[in-house]
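Report on the following structure.
Residue numbers (the numbering used here): 1 to 396.
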């Protein structure tokens, strides 16, 4: 008997949804939540799973409000809890995945790093068969030991299913360089051959040292769109009151387009309703922008951090300690655009429309008013940073 068409569809479209970065109010969802709310919920087509990620909610048993806030801050700044979240997502896929399913993974901030780590775990160890739950912790240990190639290959061949990730949708992935101790190093989080498509929205105006951008490296036969958008981390990934800014709506619409192209079923009406929050006659690109380098984050700029530089051959040098108190250029440092990187049209429109919007990230990349106006006259969708394109990202 042939399997019904609807059942084949259910095996084709499945989503794994993640997020991170502190949700400031329960009524102000971040972009991943907004996308989750817009999904076609017909269970015969797609199954969705959501996890709040690190730095968003406190662990059960955390009693005082002070300790709750400290726990969330540690999650955001240092990425504490990342390994456990990746494990939970992997277990969900183990139990739910069926032959023919497409896997789509989304994430914001540390949640984007978790999304990439989940895809890397699938690439390195495969997806364990559902009946082998007891081997999950062993798979995670193998994943975190990048030199055991022969052991990993044997494990993968013996116990796992070979699964591709159809799509990675990422909002402003940040590195784990914020660790005071040696940073976590996970293989295949910057380039991964089992991922077919990647869309990555990066924030132009973020300056916190704990939120340095973590770029993706494209491989042959892989479709990658990595584009920079105006705003700080949570202007791009969402989480601020829509009445104060609608910059988040721009990368959300962009991401929804890429997700649909990758096979994600998104309902038009819910997406339009959700995307309309706070809309006025002012163009979205000209609405307010926030300053994330305030309060405790300003104090954390003085915390020593480890950092590794990527060599030309793709390997890393040994971790070195950076002391921002002694190196003033590290405190509140603007992000740097590399030659060949792409800036969204709306960021250029903002540059032209608002004389006060002159971020160092854009001006040091060669953008000025004349250049911006000349670009807008071309009708292009993205402004390309002058120079030859980059070739590498950076594992964390």
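Yeah, the Cβ is synthetic: ideal placement off N, Cα and C, and Gly gets one too. Being a predicted model, the structure only gives us computed values, none of them experimental.
- Burial state of residue 359 is buried, judged by a 10 Å Cβ sphere holding 16 or more other Cβ atoms.
- Residue environment: residue 155 is assigned as buried (16 or more neighbouring CB atoms within 10 Å of its CB, all protein chains considered).
- Of the residues 117, 134, 48, 147, the one whose Cα lies closest to the Cα of residue 101 is 48.
- The region 332-343 and the region 226-235 touch, with three or more beta-carbon pairs separated by less than 8 Å.
- Under the 10 Å beta carbon count, residue 51 is surrounded by 16 or more other beta carbons and is classified as buried.
- Contact between residue 90 and residue 133 fails: their C-beta atoms lie close to 10 Å from each other, not under 8 Å.
- Within the region 221-291, the runs of beta strand (DSSP E) at least 3 residues long that lie entirely inside it are, in chain order, 223-229.
- Annotation: residue 98 is outside any alpha helix (DSSP H) and is labelled neither H nor E by DSSP.
- By DSSP's assignment, residue 382 forms a beta bridge with 344.
- When the beta-carbon positions are compared, residue 202 and residue 165 stay at least 8 Å from each other.
- Residue 111 counts as buried, since at least 16 other C-beta atoms from the protein chains shown sit within 10 angstroms of its C-beta.
- Taking a C-beta distance under 8 Å as the contact criterion, residue 113 and residue 103 do not qualify as a contact pair.
- According to the DSSP assignment, residue 195 belongs to the beta strand (DSSP E) that extends over 195-203.
- Judged by DSSP in its simplified three-state form, residue 50 adopts strand.
- By the neighbour-count criterion, in which a residue is buried when 16 or more other Cβ atoms sit within 10 angstroms of its Cβ, residue 137 is exposed.
- Beta-bridge pairing by DSSP links residue 170 to 107, 200.
- Take the alpha-carbon of residue 88 and the one of residue 386: they are about 42 Å apart.
- With contacts defined as CB atoms closer than 8 Å, residue 232 and residue 292 qualify as a contacting pair.
- Under the 10 Å beta carbon count, residue 361 is surrounded by 16 or more other beta carbons and is classified as buried.
- Nearest C-alpha to residue 131 among 95, 262, 195: 95.
- As the crow flies, the alpha-carbon of residue 363 is around 28 Å from that of residue 281.
- Residues of the same chain with a CB within less than 7 Å of the CB of residue 128, apart from the 5 flanking positions on each side, are 94, 135, 136, 139, 159, 160 in chain order.
- Leaving aside the five residues that flank residue 150 on each side, none in its chain has a CB nearer than 7 Å to its CB.
- 8 Å or more divides the Cβ of residue 31 from the Cβ of residue 295.
- Remark: C-beta atoms of residue 167 and residue 265 do not approach each other more closely than 8 Å.
- Your pair residue 256 and residue 118 does not check out as a contact, with CB atoms roughly 21 Å apart and the cut at 8 Å.
- Distance from residue 200 to residue 235 at the Cβ level is roughly 16 Å; contact not present, criterion being Cβ atoms closer than 8 Å.
- Secondary structure of residue 354 (DSSP, three-state): coil.
- A distance of 8 Å or more separates the beta carbons of residue 354 and residue 277.
- Here residue 191 is not near residue 170, since their CB atoms are 8 Å or more apart.
- Between residue 97 and residue 152, the CB-CB gap reaches or exceeds 8 Å.
- Residue 318 is classed as exposed because its beta carbon has fewer than 16 other beta carbons within 10 Å across all chains shown.
- Per the coordinates, the alpha-carbon of residue 41 lies some 14 Å from the alpha-carbon of residue 33.
- Within the same chain, and ignoring the five residues on either side of residue 346 in sequence, the residues whose Cβ sits closer than 6 Å to its Cβ are 250, 285.
- The beta-carbon distance between residue 208 and residue 297, rounded to whole angstroms, is 5 Å. This is short enough to meet the 8 Å contact definition.
- In the structure shown, residue 145 falls within a coil segment according to DSSP collapsed to helix, strand and coil.
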